[in-house]
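A.B. asks: Sending over a structure as structure tokens; questions will come in a sec.
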Amino acid sequence: VSWTSLMCGFLQSGNANGSLSLFCQMGLAGVKPNEFTFSTNIKACGVTSVSENGMQIHGLCVKTGFDLVTVVGNSIIDMYGKCGRINEAARMFYLMPDRNLISWNAMIGGYITAGYAENALLLFIFDQIETENVISWSALILGYAQAGNLEEALDLFRQLRDRGIQVDGFVLSSMMGVFADFALVEQGKQMHAYNIKVPAGLEISVCNSILDMYLKGGLMDDAEKHFNEMPVRNLISWTVMITGYGKHGLGREAIRLFKKMQSQNIEPDDVTYLAILSACSHSGLIEESQEFYSSLCQNKQIKLRVEHCACMVDLLGRAGRIKEAKNLIDSLPLKTNAGIWQTLLSACRVHGDLELGREVGEILLRMDGNNPVNYIMLSNIYADAGYWKECQRIRELVKAKGLKKEAGRSWVEIDGVLQFFYGGDDTHQQMEKIHKLLKEMEKRMKEDSGYVYGVKFALHDVEEESKEKLEGHSEKLAIGLALVHGGLNEEGRVIRIFKNLRVCGDCHEFIKGLSKILKMVFLVRDANRFHRFKDGLCSCGDYW
12 VSWTSLMCGF LQSGNANGSL SLFCQMGLAG VKPNEFTFST NIKACGVTSV
62 SENGMQIHGL CVKTGFDLVT VVGNSIIDMY GKCGRINEAA RMFYLMPDRN
112 LISWNAMIGG YITAGYAENA LLLFIFDQIE TENVISWSAL ILGYAQAGNL
162 EEALDLFRQL RDRGIQVDGF VLSSMMGVFA DFALVEQGKQ MHAYNIKVPA
212 GLEISVCNSI LDMYLKGGLM DDAEKHFNEM PVRNLISWTV MITGYGKHGL
262 GREAIRLFKK MQSQNIEPDD VTYLAILSAC SHSGLIEESQ EFYSSLCQNK
312 QIKLRVEHCA CMVDLLGRAG RIKEAKNLID SLPLKTNAGI WQTLLSACRV
362 HGDLELGREV GEILLRMDGN NPVNYIMLSN IYADAGYWKE CQRIRELVKA
412 KGLKKEAGRS WVEIDGVLQF FYGGDDTHQQ MEKIHKLLKE MEKRMKEDSG
462 YVYGVKFALH DVEEESKEKL EGHSEKLAIG LALVHGGLNE EGRVIRIFKN
512 LRVCGDCHEF IKGLSKILKM VFLVRDANRF HRFKDGLCSC GDYW
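Position one of the sequence shown corresponds to residue 12 (the numbering used here), numbered consecutively onward.
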């Protein structure tokens, strides 16, 4: 079991090759794998997209009789799907004597990844189900939703209701999870109204997912109202609410709720502590955070995680106590991961500590050399200090390794429909109006406060630093569409924008300026937190 636990640890930390290497060592040591060992390493093959390794392990499963165990079969289907071998995935799917929701999700996800989302083959597969039930419907709905085909997912959910199939709490909470991730607040509200009318809608898991939807959609008032009206709350309910307060920069409210939870004899777990430490970090509450961290370290019932420590590193970094943050990492009794070093590297950049930044950057490259973000962060440190040769050297490494940063994507909900934008995207039918409006706003901000495109920010956040590239950042395009659609004269209007990555420095300054001249509120959810822009200021205090 210890071998498998270590493999799971490698896989969960993003080191799939480490898990596979350990699997080989296990074989050489003469230790026999179990179904969970096989499942873990087949997943690792899917992560690395090396189907040859997956096929070899699949062969071992057949020889040992584990291939038809459901948990192993599910991993095999998922692996083949991710490696583009859809026929092998389907063959495994049909051979399995016992399929569950995960089996259907893996198979349907494989078809969608292979480009069959709208193909009759997918419908044919679904039609072969002898008895339509909520599990099969759930698999298809979630398969479409996770692939970004939201309209198809919603249409299928309506069909599910119309056919009279009993909807359970899993389907309701899963759909609410989709609305939360994509911030579809209008559809989320409609689903909330529907949930009230069905018995499963009162299940605590469903109520928690509704709470999460409101928080991720930026509807704090609705979230608080729902939380206060919940007939029953469990630890997850409190943790979700504390997390929401933290993401919105409301650290004091998070602390108040944490203490109220304890007063009702509900004990926090490691996730709750992570939520409160993160909330303190986002709000810069050093003393309070240190108290919670000390309490956590003294709690023998809860295992300290490196993520808890990363919150403290972030907090110390915000305060400019970088050496102290580095000492904290060095003194940890835990194995560190890339995330905690990235947190320290960000602090080094903000406070201009080139020496430590260089050291931390090299640690990151050794630890996680296939993550383009680490290279970009280190090159930003050099660019900020004017070390252009070093900056160029790091960026050439990225190109030589063939690494690509995840594309920035932003979206806004207009009349209940999500409108997506990518960096440099010119495909939207109203793009001419959007660019015209953005140029007008730039001119007004320049007259008001001297704003100019922050090319220097681009050195920190993107590989291209031209003005044209900055103009085409996805969050600006999404805001432009919202303003084109709603007009410029609605003082106090709240515009909600969502982005999959960290908002860049130039866009941050741009939105601050917009909030001032238009007297509007811009609520932007990025990968780290919510930014509430009002009167030329941001709730993050310009540290995010």
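Built from N, CA and C at the ideal position, the CB exists for glycine as well.
(1) Could you have a look at S216 and say whether DSSP puts it in helix, strand or coil?
(2) For A211, I'd like the list of residues in its chain whose CB is within less than 7 Å of its CB, leaving aside the five on either flank, ordered along the chain.
(3) Drop a sphere of 10 angstroms on the beta-carbon of C35, count the other beta-carbons inside from all chains shown, and report buried for 16 or more, exposed for fewer.
(4) Among A150, M18, Q353, which has the Cα closest to the Cα of E370?
(5) Would you mind sorting A411 into buried or exposed? The rule is 16 or more other CB atoms within 10 Å of its CB.
(6) For the alpha helix (DSSP H) that contains E501, what are its first and last residues?
(7) Look at the alpha carbon of S30 and the alpha carbon of D379, and state the distance between them as a whole number of angstroms.
(8) Just to confirm, are K527 and G547 a CB contact at a threshold of 9 Å?
(9) When you compare each of K271, V384, G363 to R406 by their alpha carbons, which one comes out closest?
(10) Can you give, in chain order, each stretch of the beta strand (DSSP E) that sits fully within the segment 423-455 and has at least 3 residues?
(11) Nearest-angstrom Cα distance between S556 and L222?
(12) Rounded to the nearest angstrom, how far is the Cβ of L449 from that of F193, given a contact under 8 Å?
(13) Within 10 angstroms of its Cβ, does W560 collect 16 or more other Cβ (buried), or is it exposed?
(14) Taking 8 Å as the limit between beta carbons, can you name the residues of its chain near L167, skipping five residues before and five after?
(15) Is the beta carbon of L327 sitting closer than 9 Å to the one on E318?
(16) For the candidate residues P279, G65, G260, H259, whose alpha-carbon lies nearest to that of S248?
(17) Measuring CA to CA, which of E46, N45, S60, N64 is closest to S32?
(18) On the premise that L345 lies in contact with L315, defined as a C-beta separation below 8 Å, what is that separation, rounded to the nearest angstrom?
(19) Note down, in chain order, each residue of its chain lying with its Cβ closer than 7 Å to the Cβ of N85, except the 5 sequence neighbours on either side.
(20) On a CA-only basis, which of E235, R377, R329, S342 is nearest L355? Give me that one, please.
(21) Do A538 and R513 have their C-beta atoms closer together than 9 Å?
(22) Just to confirm before moving on: does the CB-CB distance between G483 and D436 stay below 9 Å?
(23) What is the C-beta distance between Y393 and V409, in whole angstroms, given that I count them as a contact (C-beta under 8 Å)?
(24) To which residues does DSSP link I506 through a beta bridge?
(25) Excluding the five sequence neighbours on either side, which residues of its own chain have a C-beta within less than 6 Å of the C-beta of I425, listed in chain order?
(26) Thinking C-alpha only, which one of E163, M66, M37, M90 is nearest K54?
(27) Just mark K415 as buried or exposed, buried being the case when its beta carbon has 16 or more other beta carbons within 10 Å.
(28) Is the beta carbon of H446 less than 9 Å from the beta carbon of G498?
(29) When we look at the beta-carbon of R174 and count the other beta-carbons within 10 Å, is it buried (16 or more) or exposed?
(30) Identify whether R263 lies in helix, strand or coil by the three-state DSSP scheme.
(31) Take L525 and list the residues in its own chain whose beta-carbon comes closer than 8 Å to its own, dropping the five residues that flank it on each side.
(32) Hey, how far is the Cα of M103 from the Cα of V73?
(33) Look up R169 in the DSSP assignment and say whether it is helix, strand or coil.
(34) Check each candidate in F509, G262, I207 and name the one with the smallest Cα separation from H237.
(35) Between E264 and the rest of its own chain, which residues show a CB-CB distance below 6 Å, the 5 nearest in sequence each way excluded?
(36) Can you give me the start and stop residues for the alpha helix (DSSP H) that H542 sits inside?
C.D. replies: Considering the structure as presented:
(1) helix
(2) V178, D179, G180, L183, V217
(3) So C35 ends up on the exposed side.
(4) It is Q353.
(5) exposed
(6) Taken as a continuous stretch (DSSP letters only), E501 belongs to no alpha helix (DSSP H), as it is neither H nor E.
(7) 15 Å
(8) A contact, by the Cβ cut-off of 9 Å.
(9) V384
(10) With a minimum length of 3 residues, the continuous beta strand (DSSP E) runs that stay inside the segment 423-455 are 428-433.
(11) With the chain covering 12 to 555 only, the question about residue 556 has no answer from this structure.
(12) In fact, because the Cβ distance is near 24 Å, the residues do not count as touching under 8 Å.
(13) Because the chain here runs from 12 to 555, residue 560 falls outside it and cannot be looked at.
(14) W148, L151, I152, Y155
(15) no
(16) P279
(17) N64
(18) 7 Å
(19) I113, S114, A117
(20) Of E235, R377, R329, S342, the residue nearest in Cα terms is R329.
(21) yes
(22) yes
(23) Not a contact, Cβ separation roughly 13 Å.
(24) F533
(25) H496
(26) M90
(27) In summary, K415 is exposed, with fewer than 16 beta-carbon neighbours lying within 10 Å of its beta-carbon over all protein chains present.
(28) Cβ distance not < 9 Å, so H446 and G498 don't count as in contact.
(29) exposed
(30) helix
(31) M452, M456, I490, M531, F533, F544.
(32) C-alpha separation (whole angstroms): 11 Å.
(33) helix
(34) I207
(35) Y256
(36) Taken as a continuous stretch (DSSP letters only), H542 belongs to no alpha helix (DSSP H), being part of the beta strand (DSSP E) at 541-545.
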